[in-house]
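The opening residue of the sequence shown carries number 1 in full-length UniProt numbering; numbering runs sequentially from there.
The C-beta atom is built at its ideal place from N, Cα and C for all residues, glycine as well.
Since we're looking at a predicted model, the values are computed, not measured.
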Amino acid sequence: MSFMTKEIRKAANPKAIKNWLQRSVLGKPNIKPKRIDIDELAGVVQTNQNRFIAYVNSNQYHKIAGIVFVVATLNYLLWLLGHLNLANKLISIPFFISQLFSFLLVSLSIFNHWKAKYRTNRPAMPLNPPDVAVVVATYKEPVAVLENTIKSILEIDYPGKVVVVVSNDDERPAQRSAIENTLVSLADYRSRIKGKVGDGKVLHLVHTTPHKNAKAGNLNQALRFLRKYYPEIDLVLTQDADEIVYPEILKALVGYFSEPQVGFVQTIKQSEVTDGDPFGNDDMMWYARTAACRDAAGAMFACGSGVIWRISALESIGGFSTWNLVEDLTTSYQILSHGWESRYHYERLSYGLAPEDLPNFLKQRGTWAIDHMRLFFWDNPLKKKGLTIRQKLHFLEPQLFYLNGVAIVVLSLATSLSLVLEKWPTTVDAITHAKYLIPSFIALEAYYLLLADSIRLTRIRQFWVGLSPTFAVATLKALIYGPNRKPKYIVTRKENEYGNYIRHVLPQLIILSVIFMSLVKIFISTPLYSAFDWAAVFWGFYQASFFFHTIRVAWWKWNPNITISVSLPGIKSYNWKNLTQKPAMILQGIKNILF
C-alpha cells in the first residue's frame, strides 16, 4: 500500500515549503536557529512529496519523438557527409564532428530514458529494526548550520538504535571548541525531545587525524570508529553538514536492506534555491527523470548525502573511494561493479544549501565534470568488469554529456570562424541545408519537451549548454592529470559571495561577441545574403544562445557601492552611497540641491 493518501497527493506550494524551512530549520549563520518542530516538519515532508508525485512521467510520447529524432538525424548526417565543403576543412570537419557527437549523445539518452522506475512506496520495516549509524562529515561549515543538521538528525523518528557521529576535519582550535560546545548544548536538546522520537540515539564527536583525502578520508575514519565501537551496525546514513534530514528518512529507507544484495539507497535531495532558481540547482530533470531511469537499469549512483550505505558493501571495496575528487560517484561505481545493487527511493527526505554565486557554482559543477571524465579516461564503464550492459551505458551517458562541452565549444568556434571568413561548412544553398537540418532540430526539441513533461526545462538547458567551457576545461584537466594525479579539491563554500564575476564567463562573451559582430558584417556586406548558409549559422548560434543566462548570473545580486558627492559653492555637500539601491532618492536629492 502506498504511504501517501489521496488527500496528500494534491498540489503543494513549494515556495511556502522553502520559506518555512529557511525560517525554522536552516536559519542564518549569524542568527540563533529556531527549534525544529518535528510535527510541523513531518507535515511539510508530506506536502513537499506531493510536488514530486506530480512529476512522475506516465506518458510515452517522448519515445515517439526520440525515434523520429534518430531517423531524421541519421538522414541529415548521411546527407551532410556527402555535401561537406572540403575546401574549408577547418570549418566543415569540426561542424560535422560536433553534429555526429550530438547525435550519439542524444541517441544514448533516448535509449537510457526508455524505461523508468518510481519507487514511491516505502518498503516494509523489519520486525526487529536494525541499528543504524548517521555520519555527518564536517569541514569549516558555520557552526549554526552544522547545529541545525544535527538537530534534524536527533529528530529522526526510528524505533531502533541510532548512533550519530559528527566527524570533524577542521583542525582550527576555535572551530573544534565551538563544535564541542554545540554538542554539549545538544545533549540537553536530545533529552527534551526523546519523548517524541524515542531514546535510542547516541551522539559522538570525532576529530579526525590529518589526511589528504577530503570527505572520503573523513568518512573512512568515521567508519573505522564505528567498526571499533559499534561492530554490530551495518547501515550508515551519510549526511552533509549543511543538509538537514526529515524525521521519516530511516523508516522510509531501512526496509530496502531486507534484500541482502542492496548496497546503498539514494533519496531525492532538495536544495534551498532563490525564487526562479537562477542557477538550476533544483535539477528536476535529474531527480524526476534520469535518476528514475537509472534505477530501472540498476545504475543509480549516490549523490553524497541523503544516502544509506551497507557498511559491508563499503568494506568490500576498501571503504569510500579516495581516487576521485569526491567520494559518492566512484564509491557507487565500485560497489555496483562488485555485484551489489542500488535503489533509488522517489521521495524527498533531505534539504540543504546550494551555491548561488558563479565561482562557487562553477567550482561545484566543474568538480562533478572532472570526476566523471576521470572515469571516462582511466576507468571507462565500457571496459568495467562486473557491470551489465545497461549499467555501462548509463555511466557512459553523463561522461559523454560533459564531453559534449568540448563539442559545443568547437561548434561555436566553427560558427564564429565561418562567419568571419564567410566560408560555409556545406556546398549547397541554405534552403537545401535547412530542409535536412530542421526536421532533426524539431524532433530534438520535441524529445526534450516531452521527456520533461511538467518539468520546467529552460533553466536546466541553459546550464547544460551554458557551462560548456567549464566542462571542456574539466575534460582537459581529467586527461592531463592522468590516472594517478588529480586536481586540488576545493570545498564548496556554504555562504554565497555576490559580486561581478564577468571574468568567469569570458569564453561565452567572446564567442557570442564574435558571432554577433560577424552577423552584422554579413548582413551588410553579402548581396541578398545569397551565399549565407543561415541554416548552419542558426544551429551554431542556437547552441551559443544558451550562454546568455550564464553570463547574466555572473553579476547576480551584485550590489556595488557607489558614492556620489555633490558640492556647490555656499551649499552643503551631499553624499549618497549604494547608487544601485537608491537611484530615486539620489535623483530627488540632486533635484533639491539644484532647484
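With fewer than 16 neighbouring CB atoms inside 10 Å of its own CB, A87 falls in the exposed class. Burial state of P355 is buried, judged by a 10 Å Cβ sphere holding 16 or more other Cβ atoms. In this structure, A443 sits near A72, with a CB-CB distance shorter than 7 Å. Note that the segment 122 to 133 touches the segment 157 to 168; at least 3 beta-carbon pairs, one per stretch, sit closer than 8 Å.
Using a C-beta cut-off of 8 Å, the segment 409 to 417 makes contact with the segment 87 to 102, since at least three inter-stretch Cβ pairs fall below that distance. Taking all protein chains shown into account, I317 has 16 or more neighbouring C-beta atoms within 10 Å of its C-beta and is therefore buried. The beta carbon of L154 is closer than 8 Å to those of V164, L186, Y189, R190, I193, V197, K201, L203 in its chain, skipping five residues each way along the sequence. Unbroken alpha helix (DSSP H) runs of no fewer than 4 residues, entirely contained in the segment 459 to 520, are found at 468 to 481, following chain order. By the 16-neighbour rule on beta-carbons within 10 angstroms, L183 is buried. The beta carbon of T427 sits closer than 7 Å to the beta carbons of H83, N85 from its chain, once the five residues preceding and following it are set aside; these are given in chain order. Taking 8 Å as the upper bound for CB-CB distance, Q391 and A297 are in contact here, some 6 Å apart. In the three-state scheme derived from DSSP, where H, G and I count as helix and E and B as strand, S342 is classed as strand. Taking the Cα positions, I53 is about 14 Å away from A116. M517 counts as exposed, since fewer than 16 other C-beta atoms from the protein chains shown sit within 10 angstroms of its C-beta. If you check the CB distance, K384 and S337 come in under 7 Å. In its chain, beyond the 5 residues on either side, Q266, K269, D328 have a beta carbon closer than 8 Å to the beta carbon of C303.
The segment 477 to 485 makes no contact with the segment 335 to 352; the number of CB pairs closer than 8 Å stays below 3. Annotation for D357: N496, E497, Y498 place their beta carbon closer than 6 Å to its own, counting only its chain and skipping 5 residues before and after. A Cβ-Cβ contact shorter than 7 Å links V307 with T238. The distance from the Cβ of T415 to that of I515 is about 6 Å, consistent with a contact at the 8 Å cut-off. Membership of F264 in the beta strand (DSSP E) is indicated by the continuous run 262 to 271.
Within its own chain, the residues whose Cβ lies closer than 6 Å to the Cβ of Y287, once the five positions on either side in sequence are excluded, are I268, listed in chain order. Judged by DSSP in its simplified three-state form, G352 adopts strand. Fewer than three pairs of CB atoms, one per stretch, sit closer than 8 Å, so the segment 209 to 224 makes no contact with the segment 120 to 130. When Cβ pairs closer than 8 Å are counted between the two stretches, the segment 541 to 558 is seen to touch the segment 456 to 473, the count reaching three or more.
Judged by DSSP secondary structure, V307 falls within the beta strand (DSSP E) whose first and last residues are 307 to 310. In the three-state scheme derived from DSSP, where H, G and I count as helix and E and B as strand, D240 is classed as strand. Per DSSP, reduced to three states, the secondary structure at S167 is strand.
Between Y139 and P359, the CB-CB gap reaches or exceeds 7 Å. Sorting R365, A452, L400 by C-alpha distance to the C-alpha of P381 places L400 at the top.
Within the model, the alpha-carbon separation for E147 versus G319 is close to 27 Å. CA-CA distance, R294 to N112, rounds to 8 Å. Close CB contacts of W555 within its chain, under the 6 Å cut and outside five residues either way in sequence, are with N500 (chain order). The bridge partners DSSP lists for R119 are H345. Each residue's CA atom was taken as its position, placing Y229 and Y55 some 43 Å apart.
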